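Residue numbers (the UniProt record's numbering): 1 to 484.
Idealized CB from N, CA, C, for every residue including glycine.
Note that the structure is predicted; figures quoted are calculated from it, not measured.
Encoded as structure tokens, the structure appears first; notes follow it.
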Ligand SMILES: Nc1nc2c(ncn2[C@@H]2O[C@H](COP(=O)(O)OP(=O)(O)O)[C@@H](O)[C@H]2O)c(=O)[nH]1
Ligand SMILES: [Mg+2]
């Protein structure tokens, strides 16, 4: 995940001065407002990283925290780390730096405990958080912090919790940074790329472009001479990857309002349990557009979810609309409604593999293998595949703020490259998208990304039709229907 720092240049300069390291760079390891106030997450991301700085931002504009001169660890005890210190950077939104050195109970500079977030000093001089509180994303949260300064840090200076943090431990955020070389900062590369405006794919983010794409997709007609009036796009992917939401997004664009016809949601199991072939109308009560988005159940793990043995029937168009997926029984010619006579118009003309951008690097091998198998089975039939890289807003905070940065984000580019490598699919078949999820109004930028992905998908579907024009002309579909 590309995290955005809350710390300012001025804050960083002050820390460099206190550390006596003019070259220090601060790399953000953990950010509670987006990753949650969870000691386990903190330890997973911040243990054994050498010296770190914890910076807290409270509800009344104070910025404060602590420098740990030694690594955090999950097991263990009190650590004597005399170079550590606590600090205040801002007081009620005013830059007002103050350092509280370790000058008291030195055996208790840091405390490593798996149930605690960053914890400094014998009196719990500063315990950033404990227990678990969810990500607060711009809201305030009380995460059981403590700030009893004066036991190990700032002893005899006449200070207390009020001069440390205004007596307030209701947080906007808590961040932990590791300290490296200034130019080695991961994020500065992301920033640099964004600032320099290097685009790795060109898009016009204008009202006219949205309208043009909307009309292009609405005006799409499959290649004539094939008796195919609508092309079928099969949506597959793990549960929660945004398949149903992609249909909803496209449908919303043509409905002129955010709509949620397909059930979408965040449940551990698929909300979609029936096979649905969705159509979109160009306008209310108007003609249906010349494509169907065919929504499937999530792949999920082990034996639940969409079964790969069912896949050939989905690709070949044998499965009836509203078919109820059944973990115990595979699709077969005995399935009620099974379309024995499925022809070119019923087949899948393009497979859209939905992948959650946030999950790509942590996807279990089995799940990625399943996606790869689907891609290969489609490939065997000559059916083109694309990847919809969903939730780009959740994967990169820069993009969350401004979707037009999607093709300038190094993080998103790396994800595209990673997927391309893992699946063996060319990069130009991979489309970052953001689906409507919490928005209540249409958004041009969301629409432009989704429509340009769909326009490409329709183009690939047409390529497939072109390719099989001859096979169809000779009515020789048999050879396309290889069931393995
Ligand atoms: N922020 C964000 N949330 C998304 C996006 N796409 C889907 N979601 C959310 O992810 C959850 C799962 O989506 P859903 O479409 O039901 O996934 P499916 O199981 O693949 O059909 C829902 O809560 C959606 O609102 C996206 O691009 N951005
Ligand atoms: Mg679904």
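| query | In or out: residue 184 buried (at least 16 other Cβ within 10 Å) or exposed? | reply | Numbered from 1 along the chain shown, position 184 holds the residue referred to as residue 184. Only weak support exists for where residue 184 lies, its pLDDT of 49 falling under 50; the value from the coordinates is given anyway. Burial call: exposed.
| For ligand 1, which residues have a Cβ under 6 angstroms from at least one heavy atom, in chain order? | 237, 239, 240, 241, 242, 243, 244, 245, 264, 265, 266, 270, 271, 272, 298, 354, 390, 391, 393, 394, 434, 435 and 437
| task | Work out the CA separation of residue 38 and residue 92 for me, nearest whole Å. | result | As a position in the chain shown, residue 92 is number 92, starting the count at 1. As a position in the chain shown, residue 38 is number 38, starting the count at 1. Taking the straight line from one Cα to the other gives about 26 angstroms.
| request: Answer yes or no: do residue 90 and residue 61 have a C-beta to C-beta separation smaller than 8 angstroms? | output: On the chain shown, position 90 is the one that residue 90 refers to. On the chain shown, position 61 is the one that residue 61 refers to. The Cβ atoms of residue 90 and residue 61 lie closer than 8 angstroms to each other.
| request: Please list, in chain order, all residues of the same chain as residue 437 whose beta carbon is under 7 angstroms from its beta carbon, the five residues on each side excluded. | output: In the chain shown, the residue the question calls residue 437 occupies position 437. Here the set comprises 245.
| task | Use the C-beta contact count for residue 27: other C-beta atoms within 10 angstroms, 16 or more gives buried, fewer gives exposed. | result | Position 27 of the chain shown, counted from the start, is the residue given in the question as residue 27. That one is buried.
| Euclidean distance between Cα positions of residue 36 and residue 262 | Taking the first residue of the chain shown as 1, we reach residue 36 at position 36. Taking the first residue of the chain shown as 1, we reach residue 262 at position 262. Between residue 36 and residue 262, the C-alpha separation is close to 30 angstroms.
| said: Classify residue 44: buried if its beta carbon has 16 or more other beta carbons within 10 angstroms, exposed otherwise. | reply: In the chain shown, residue 44 corresponds to position 44, counting from 1. Answer is exposed; the Cβ neighbour count stays below 16.
| task | Could you tell me which residues DSSP puts in a beta bridge with residue 119? | result | For this step, residue 119 is matched to residue 119 along the chain shown. Bridge partners of residue 119: 127.
| Who pairs with residue 232 in a beta bridge, going by DSSP? | Taking the chain shown and counting its residues from 1, the one referred to as residue 232 is at position 232. DSSP output for residue 232 lists 292 as bridge partner(s).
| I think residue 3 touches residue 397, with their Cβ atoms under 8 angstroms apart; what is that distance to the nearest whole Å? | Here residue 3 corresponds to residue number 3 of the chain shown, with the count starting at 1. Here residue 397 corresponds to residue number 397 of the chain shown, with the count starting at 1. Rounded, the Cβ-Cβ distance is 6 angstroms, consistent with contact.
| request: Grab me the residues of residue 55's own chain with a C-beta within less than 6 angstroms of its C-beta, minus the 5 sequence neighbours each way, in chain order. | output: Your numbering for residue 55 matches position 55 in the chain shown. Counting only Cβ-Cβ distances below 6 angstroms, and skipping sequence neighbours, we find 7, 65 and 175.
| request: State whether the stretch 152-162 contacts the stretch 6-23, with contact taken as three or more CB pairs (one from each stretch) at a distance under 8 angstroms. | output: These segments do not touch.
| message | Report the CB separation of residue 350 from residue 319 in whole angstroms; it is logged as a contact under 8 angstroms. | response | On the chain shown, position 350 is the one that residue 350 refers to. On the chain shown, position 319 is the one that residue 319 refers to. The pair is not a contact, with the Cβ atoms about 16 angstroms apart (cut-off 8 angstroms).
| request: State the DSSP-derived secondary structure class of residue 185, mapped to helix, strand or coil. | output: What you label residue 185 is simply residue 185 of the chain shown in a count that begins at 1. In this prediction, residue 185 has a pLDDT of 46, which is less than 50 and means its spatial position is unreliable; nothing more can be read from the coordinates.
| Taking Cβ to Cβ, would you say residue 280 is nearer than 8 angstroms to residue 254? | Here the question's residue 280 lines up with position 280 in the chain shown. Here the question's residue 254 lines up with position 254 in the chain shown. Yes; because the gap between Cβ atoms is below 8 angstroms, this pair is in contact.
| said: Can you tell me where the alpha helix (DSSP H) holding residue 410 begins and where it ends? | reply: What you label residue 410 is simply residue 410 of the chain shown in a count that begins at 1. Where residue 410 is concerned, the enclosing alpha helix (DSSP H) stretches over 410-423.
| query | Do residue 321 and residue 257 have their C-beta atoms closer together than 8 angstroms? | reply | For the purposes of this step, residue 321 is taken as the residue at position 321 of the chain shown. For the purposes of this step, residue 257 is taken as the residue at position 257 of the chain shown. Contact: no.
| message | Rounded to whole angstroms, what is the Cα-Cα separation between residue 449 and residue 341? | response | By 1-based counting over the chain shown, the position of residue 449 is 449. By 1-based counting over the chain shown, the position of residue 341 is 341. Distance between the alpha carbons of residue 449 and residue 341: 37 angstroms.
| task | Given a cut-off of 8 angstroms, decide if residue 393 and residue 507 are closer than it, judged by their beta-carbon atoms. | result | The chain is shown only over 1 to 484; residue 507 falls outside these bounds and no answer can be derived.
| query | In the DSSP assignment, what residue or residues form a beta bridge with residue 78? | reply | Numbered from 1 along the chain shown, position 78 holds the residue referred to as residue 78. Per DSSP, 111.
| field | Stretch pair the stretch 197-215 + the stretch 96-103: three plus CB contacts closer than 8 angstroms | value | no
| task | Return yes when the C-beta of residue 295 is under 7 angstroms from any heavy atom of ligand 2, and no when it is not. | result | As a position in the chain shown, residue 295 is number 295, starting the count at 1. Within the cutoff, so yes.
| field | Cut-off 7 angstroms between Cβ atoms - residues of its own chain near residue 407, not counting five sequence neighbours on either side | value | As a working mapping, residue 407 is identified with position 407 in the chain shown. 199, 200, 201 and 203.
| said: My output table needs one value for residue 58: the three-state DSSP class, helix, strand or coil. | reply: On the chain shown, position 58 is the one that residue 58 refers to. Residue state, collapsed to three classes: strand.
| Which residues bound the alpha helix (DSSP H) around residue 499? | With the chain covering 1 to 484 only, the question about residue 499 has no answer from this structure.
| Starting from residue 91 and walking both ways along the alpha helix (DSSP H), at which residues does that stretch end? | Within the chain shown, the letter at position 91 stands for residue 91. First-last for residue 91: 85-91, but that is the beta strand (DSSP E), not the alpha helix (DSSP H).
| task | Can you tell me which of the three DSSP states residue 34 falls into? | result | The sequence position of residue 34 within the chain shown is 34, counting from 1. If DSSP states are grouped into helix, strand and coil, residue 34 belongs with the helices.
| query | Under the DSSP definition of a beta bridge, which residues are partnered with residue 279? | reply | For the purposes of this step, residue 279 is identified with residue 279 of the chain shown, where counting begins at 1. Residue 279 pairs with 292.
| field | Where the alpha helix (DSSP H) containing residue 51 begins and where it ends | value | Mapped onto the chain shown, residue 51 falls at position 51. Segment: none, residue 51 is in no alpha helix (DSSP H) and carries neither H nor E.
| field | Rounded C-alpha distance that separates residue 121 from residue 130 | value | Working through the chain shown from its first residue, we reach residue 121 at position 121. Working through the chain shown from its first residue, we reach residue 130 at position 130. Using only the alpha carbons, I get a separation of about 15 angstroms.
| message | Going by DSSP, what residue range makes up the alpha helix (DSSP H) through residue 457? | response | Walking along the chain shown from the start, residue 457 turns up at place 457. Counting along the chain, the alpha helix (DSSP H) containing residue 457 begins and ends at 444-467.
| Cα-Cα separation, residue 291 to residue 134 | To locate residue 291, count along the chain shown from 1; it is residue 291. To locate residue 134, count along the chain shown from 1; it is residue 134. Straight-line Cα distance between these residues: approximately 41 angstroms.
| Is it the case that the CB of residue 414 approaches a heavy atom of ligand 4 more closely than 7 angstroms? | This structure does not include ligand 4; its bound ligands are ligand 1 and ligand 2.
| What residues are listed by DSSP as bridge partners for residue 177? | Within the chain shown, the letter at position 177 stands for residue 177. In DSSP, residue 177 forms a bridge with 28 and 53.
| Limits of the alpha helix (DSSP H) - the one that residue 394 falls within | Numbered from 1 along the chain shown, position 394 holds the residue referred to as residue 394. Per DSSP, residue 394 belongs to the alpha helix (DSSP H) from 392-395.
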